[in-house]
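Take the sequence shown: its letters are residues 2 to 455, numbered as in the working numbering. Ideal placement from N, C-alpha and C gives every residue a C-beta, glycine not left out.
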Amino acid sequence: MNDHGWDEDSARPYFFLSYAHTPKAGARGAGDPNHWVRQLYRDLCEAVLQLTTVPAGVPVGFMDESMHQGELWAERLSEELATCRVFVPLYSPRYFNSLPCGQEWHSFTQRPVYPANLDSERTSGIVPVLWAPMSRYKLPGVASELQFNHASFGPDYATEGLYALMKLSYFRSAYELAVHRLARRIVEVAEETVIPVGRRLDFNAQPSAFNVTAPTKQLRISVLAYRRGEVPQNRNCDYYGARRTDWHPYRPAAARPLAEHAVRLARQLGFQATVHEFDGEAEAIISGGEPVAPGLLLLDRWVLQDERWSELVRRFDSSDCSWVSVLEPWNLDDPDCVEKHREIGELSDRVLRFTHRSVRPSFLGATGGPPGLGSLEEFDDALPRAAMKAKYAFESRTRTEPEEPPAPRPNLRDAFRNGRGRDGPEPFAYDDDQPARDLGERPDDGTPPGGGTT
2 MNDHGWDEDS
12 ARPYFFLSYA
22 HTPKAGARGA
32 GDPNHWVRQL
42 YRDLCEAVLQ
52 LTTVPAGVPV
62 GFMDESMHQG
72 ELWAERLSEE
82 LATCRVFVPL
92 YSPRYFNSLP
102 CGQEWHSFTQ
112 RPVYPANLDS
122 ERTSGIVPVL
132 WAPMSRYKLP
142 GVASELQFNH
152 ASFGPDYATE
162 GLYALMKLSY
172 FRSAYELAVH
182 RLARRIVEVA
192 EETVIPVGRR
202 LDFNAQPSAF
212 NVTAPTKQLR
222 ISVLAYRRGE
232 VPQNRNCDYY
242 GARRTDWHPY
252 RPAAARPLAE
262 HAVRLARQLG
272 FQATVHEFDG
282 EAEAIISGGE
292 PVAPGLLLLD
302 RWVLQDERWS
312 ELVRRFDSSD
322 CSWVSVLEPW
332 NLDDPDCVEK
342 HREIGELSDR
352 VLRFTHRSVR
362 PSFLGATGGP
372 PGLGSLEEFD
382 DALPRAAMKA
392 KYAFESRTRT
402 EPEEPPAPRP
412 NLRDAFRNGR
422 GRDGPEPFAY
432 DDDQPARDLG
442 ERPDDGTPPG
452 GGTT
């Protein structure tokens with residue numbers, strides 16, 4: 002076992018396949034849009050096996066097939082990025098607009114790269130793949146700086162990209178050639194470089210290597226709910242899972258955890274959303290430092306019965322966190338919620354005293370007050386308003402005020418031309434009758450220009 006927690010006797014994966022998850026087209030019965038990436042991964046693993054001595058049962062590569070959410074996902078990614086020998090990004094317009102992909106690239110490049118011997122000139126462990134043609138797009142600096150000859154994988158690959166070669170039977174032989182040469186390049190880079198095992202970084206805290214997504218287009222969705230093992234006796238545990246992000250308050254109406262549903266809604270608004278457990282985010286939010294992005298807190302009111310969580314939420318409520326909107330789902334088809342709606346609603350009012358009484362982003366339901374968001378439909382209506390108000394508050398908080406333009410320099414030539422000599426009035430005398438300028442400042446409470454909802 003080395004200093005970074007990696008068993009030195011374990012075979013390290015040859016490559017980490019980094020790609021942008023493609024959302025479904027939306028039509029009922031639509032196939033898996035990431036099917037072709039999975040097929041490429043399987044073909045690459047088979048080709049690398051043929052070119053190496055990797056024993057049976059040892060993983061050749063790694064491909065993330067999760068939904069980009071939760072602490073377990075982040076820990077697994079951190080481990081794979083700290084141990085893989087080659088980083089293989091699938092270039093596409095969507096890839097360079099993806100925050101998680103940029104974080105993966107950044108995490109891998111924190112590890113030093115050494116040539117394996119004096120004759121080797123390789124200084125990078127990255128082998129890029131043209132998944133889609135990129136000739137019409139400007140690559141980020143970290144990608145454009147890589148010296149890589151895509152033409153060596155065949156003319157059709159360089160023109161069409163690997164996705165087209167896979168989809169169209171006409172290009173079958175071109176696809177097989179490209180995969181073979183890609184696998185060979187991965188093996189060459191792995192053998193011609195020494196990239197020590199790195200530290201497991203806090204993946205969610207890493208910046209994007211691409212720097213293409215403005216912070217206002219990001220949305221950090223935090224969840225504060227019970228884990229299944231924490232649920233008290235007076236609460237049905239069927240609404241909870243192993244992680245806080247597994248909370249499923251609207252079952253059976255919703256087919257997925259609420260955090261995943263919120264990510265889908267946020268993407269429809271143009272946000273790049275990530276999901277986190279609130280207890281891992283809270284101190285950074287409450288500390289008073291500069292926020293990194295707008296946020297949503299999905300709050301399970303049931304946790305407020307626990308003094309530890311009610312105190313944490315109370316601290317959040319009393320801090321200046323206007324860029325984090327609060328959503329409080331409260332399923333009126335849940336018998337527990339119906340029975341305790343007044344008691345826990347009043348508890349929520351006491352803990353979130355400032356949020357409930359101020360114009361800060363808080364969404365309790367159609368009429369406000371204790372009932373909460375009683376259905377998935379109410380949640381769907383509230384989330385866009387909550388996300389946009391958080392965005393406006395974030396912009397207001399982080400906006401850099403423009404500097405006042407310097408005063409014009411006195412022009413003596415104009416002064417004398419107008420008949421004002423040395424004894425005349427000052428050429429730039431202040432006029433007391435001039436009305437004060439309206440600076441048009443925006444409030445700091447996240448209210449949209451021209452007013453908005455409270």
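| Check | Outcome |
| --- | --- |
| Okay, do the region 221-236 and the region 99-109 touch, 3+ Cβ pairs below 8 Å being the bar? | no |
| Measure the alpha-carbon distance for Lys-139 versus Gln-148 and round it to whole angstroms. | 15 Å |
| Measure the C-alpha to C-alpha separation of Ala-255 and Asn-150 and round it to an integer number of angstroms. | 47 Å |
| Can you tell me which of the three DSSP states Glu-278 falls into? | strand |
| Please report the distance separating the alpha-carbon of Ser-19 from that of Gly-142. | 18 Å |
| Just tell me which of Gly-58, Phe-279, Arg-77 and Arg-201 has its CA closest to the CA of Ser-326. | Phe-279 |
| Starting from Ser-223, trace the beta strand (DSSP E) in both directions and tell me its first and last residue. | 219-225 |
| Could you tell me which of Ala-48, Leu-169, Leu-73 and Tyr-15 sits nearest to Val-276, measuring between CA atoms? | Leu-73 |
| Residue range of the beta strand (DSSP E) that Leu-91 falls in? | 87-92 |
| Roughly how many angstroms lie between the CA atoms of Tyr-241 and Glu-284, to the nearest whole one? | 24 Å |
| How far does the alpha helix (DSSP H) with Leu-140 in it extend, from its first residue to its last? | Counting along the chain, Leu-140 falls outside any alpha helix (DSSP H), and DSSP gives it neither H nor E. |
| Given Ala-21, which residues of its chain have a CB within under 8 Å of its CB, disregarding the five upstream and five downstream residues? | Leu-91, Ser-93, Arg-95, Tyr-96, Asn-98, Ser-99 and Cys-102 |
| Please state whether the Cβ-Cβ distance between Tyr-115 and Val-195 is less than 7 Å. | yes |
| With burial defined as no fewer than 16 other Cβ atoms inside 10 Å of the residue's Cβ, what is the status of Pro-25: buried or exposed? | The residue you asked about is not Pro; residue 25 is Lys in the sequence shown. Label assigned to Lys-25: exposed. |
| Per the contact definition of three or more C-beta pairs closer than 8 Å, is the region 335-345 in contact with the region 377-387? | no |
| Who are the Cβ neighbours of Ile-287 in its own chain at under 8 Å, not counting the five residues just before and after it? | Arg-316, Phe-317, Ser-320 and Cys-322 |
| Taking the alpha carbon of Asp-381 as the reference point, which residue from His-262, Gln-51, Leu-353 and Glu-347 has its own alpha carbon closest? | His-262 |
| Can you tell me which of Glu-347, Trp-37, Thr-53 and Arg-39 puts its alpha carbon nearest to the alpha carbon of Thr-13? | Going by the sequence as given, residue 13 is Arg instead of Thr. Checked all of Glu-347, Trp-37, Thr-53 and Arg-39; the closest Cα to Arg-13 is Thr-53. |
| Look up Gly-289 in the DSSP assignment and say whether it is helix, strand or coil. | coil |
| May I ask you to list the residues that DSSP assigns as paired with Ser-326? | Leu-297 |
| Could you check what DSSP says for Gln-104 in three-state terms: helix, strand or coil? | helix |
| So who's on the other strand from Phe-16, going by DSSP bridges? | Gly-62 and Val-87 |
| Beta-carbon separation of Val-352 and Ser-397 under 7 Å? | no |
| Using the rule of at least 16 other Cβ atoms within 10 Å of the residue's Cβ for burial, across every protein chain shown, is Asn-205 buried or exposed? | buried |
| If we count the other Cβ atoms within 10 Å of its Cβ and call it buried at 16 or more, is Leu-298 buried or exposed? | buried |
| Going by C-alpha to C-alpha distance, which of Ala-83, Glu-177 and Ser-170 sits closest to Asp-203? | Ala-83 |
| Is Tyr-158 closer than 7 Å to Ala-478 when the C-beta atoms are compared? | A question about residue 478 goes unanswered here, because the residues of the chain that appear run from 2 up to 455. |
| Give a yes or no on whether the minimum CB-CB distance between Tyr-227 and chain C is below 7 Å. | The structure shown contains no chain C, having only a single protein chain. |
| Residue range of the alpha helix (DSSP H) that Arg-95 falls in? | No alpha helix (DSSP H) contains Arg-95, which DSSP labels as neither H nor E. |
| Put Thr-54 into one of helix, strand or coil per three-state DSSP. | coil |
| Measure the Cβ-Cβ separation of Leu-305 and Leu-333 and say whether it is below 7 Å. | no |
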